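Numbering (my numbering), first residue to last: 965 to 1466. Ideal Cβ placement from N, Cα and C applies to all residues, glycine included. All of these numbers come straight from a predicted model, not from anything done at the bench. The structure appears below as structure tokens.
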């Protein structure tokens, strides 16, 4: 029987909400067939992905889907269940999962891509963003599995989610839980709920995963044995000093724009997100520091965080600054012998007319390097990067390097697999010979309006060339070169995008 015209539009929206899962579509259709077939009701169902119709469908699917969970290995089950603490349909960054899984002891951080691949192969998660080398960057649970996940977590007391006042006041539900998931930050402001939460001595993880709360709420910091505190969705206008008493913390995430007190260095177990340490502090377990100001990047600080593996630096260039001063943050990075990822961004970029100081030497352990903003280094300085023996990913954005000519020397960038060049005044890019970029798999060139030609001496391993809003002359020559030499870049997928064609 064909669908009535007045229901067709709403029906398509309802099918879209079923996330392409045939079983969900069938179950939702069965429920709709038992209800009023009015456009008003169907529009109501289509407009709300959390409508009771879908919840009812997920309940009916539970027995069919349960074996998919039950067949998971004992190692993978807690990893899967943990994804249920996030809101339904929330796109979860892999990097966040990796850090939390690591702290929880479920898997070491570098194993997280493999674990997500296993969940993907079991069709339990939905992929949203795929990065370089086809690694998952963001993902979410399919809604039926999110529903199953929360059911199983409640049964096994894996975590307790507080969605409403009733959840916060039910003392027997809170009792003996190790993980509390707060999906409504306003609950902290209700004294009875706050007091009942504070009385649960077993809590080791507190995760605020609800919508962002613009106004401050009294987040509960009374859990003395807390190891994970994620309160990014609760804004703090003053730093909560109670945090520095949580000496067991391994993971801390807060939204706070002021100056973090140096006393936080008492949290010596933390693995990420610390400010400038005090003079006597030694933070050997610190692996990640992001969005740190350039003024904090001194030799003294770096020598007290020797295990650092990931560093993000924010540089602000003021009109009255000595042009070299903000860039002296690079002078001591070579002391970080375990550093693998370095991201540096000028937050108020402007093209600097004066030549900045020579680029410093980076540690040989570096695997990923991103420079964004008007650093304006001459291309000759690239030699200090090109021979980093472990470098696999290089991103240069917004005049990180300047100048009309870049000649790549023999044997440079031997292990580089991904190269991005975006917004530069480069005109001529040449290779000394074909023994450059021998491992490159992806080349992305964006907004390089002056670049006359893409070099053709890349190794046959090159899989993809992406050109976005570049000089039409370069595009034409690239196509001509491929026509002349059928074997040249024959295995590379050419992806061209131009705003002029839109």
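- DSSP, read as helix, strand or coil, puts residue 996 in helix.
- Here the alpha carbon of residue 1400 sits roughly 5 Å from the alpha carbon of residue 1375.
- Residue burial is scored here from C-beta neighbours: residue 1069 has fewer than 16 other C-beta atoms within 10 angstroms and is therefore classed as exposed.
- With respect to the 9 Å criterion, residue 1056 and residue 1104 are classified as neighbours on the basis of their beta carbons.
- Counting only runs of at least 3 residues, the stretch 1315-1394 fully encloses the following beta strand (DSSP E) elements, listed from N- to C-terminal order: 1332-1336, 1357-1361, 1369-1372, 1382-1386.
- In the DSSP annotation of this structure, the continuous segment of the beta strand (DSSP E) that includes residue 1090 starts and ends at 1089-1094.
- The C-beta separation of residue 1033 from residue 1112 comes to about 6 Å, placing the pair in contact by the 8 Å criterion.
- By the beta-carbon neighbour count (other beta carbons within 10 angstroms, threshold 16), residue 1304 is buried.
- Judged by DSSP in its simplified three-state form, residue 1440 adopts helix.
- Distance check between residue 1090 and each of 1461, 1207, 983, 1336 places 983 closest, using alpha-carbon atoms only.
- Going by DSSP, residue 1214 is part of no beta strand (DSSP E) at all; its letter is neither H nor E.
- Apart from sequence neighbours up to five positions away, the residues of its chain that approach residue 1149 with a beta-carbon distance below 7 Å are 1172, 1174, 1177, 1181, 1197, 1198, ordered along the chain.
- Ranked by how close their Cα comes to the Cα of residue 1338, the residues 1291, 1381, 1195 have 1291 in first place.
- The Cβ atoms of residue 1461 and residue 1416 lie no closer than 9 Å to each other.
- For residue 1167 against residue 1147, the beta-carbon gap comes to about 16 Å, at or over 8 Å, which does not count as contact.
- DSSP places residue 1111 within a helical segment (H, G or I) once states are collapsed to three.
- It is roughly 17 Å from the alpha-carbon of residue 1164 to the alpha-carbon of residue 1118.
- Taking a cut-off of 8 Å for Cβ pairs, the stretch 1371-1389 and the stretch 1403-1417 touch, as three or more such pairs fall below it.
- In the DSSP secondary-structure assignment, residue 1276 is bridged to 1307.
- In the DSSP assignment, residue 1292 falls outside any beta strand (DSSP E) and carries neither an H nor an E.
- Nearest C-alpha to residue 1159 among 1145, 1183, 1140: 1183.
- Beta bridge pairing from DSSP links residue 1192 with 1169, 1215.
- Check the Cα spacing between residue 1424 and each of 1077, 1405, 1440: the tightest is with 1405.
- Between residue 985 and residue 1044, the C-beta spacing is not below 9 Å.
- Counting only residues of its own chain and dropping the five nearest sequence neighbours on each side, residue 989 has a CB closer than 7 Å to the CB of 979, 982.
- Less than 9 Å divides the Cβ of residue 1403 from the Cβ of residue 1379.
- Taking the CA atoms as reference points, residue 1369 sits about 33 Å from residue 1254.
- The continuous alpha helix (DSSP H) containing residue 1064 extends over residues 1058-1068.
- The bridge partners DSSP lists for residue 1407 are 1383, 1429.
- Here the alpha carbons of residue 1084 and residue 1427 stand approximately 24 Å from one another.
- For residue 1258, there is no enclosing beta strand (DSSP E), since its DSSP letter is neither H nor E.
- Collapsing the DSSP output to three states places residue 1197 in a strand.
- Three or more beta-carbon pairs separated by less than 8 Å are not found between the stretch 1004-1016 and the stretch 1036-1050, which leaves the two stretches without contact.
- Excluding sequence positions up to five before and after residue 1365, its CB lies within less than 6 Å of the CB of 1341, 1343, all in the same chain and listed in chain order.
- Excluding residues up to 5 positions away in sequence, 1394 lie with their Cβ nearer than 6 Å to the Cβ of residue 1371 in the same chain.
- DSSP places residue 1268 in the coil class of the three-state scheme, outside both helix and strand.
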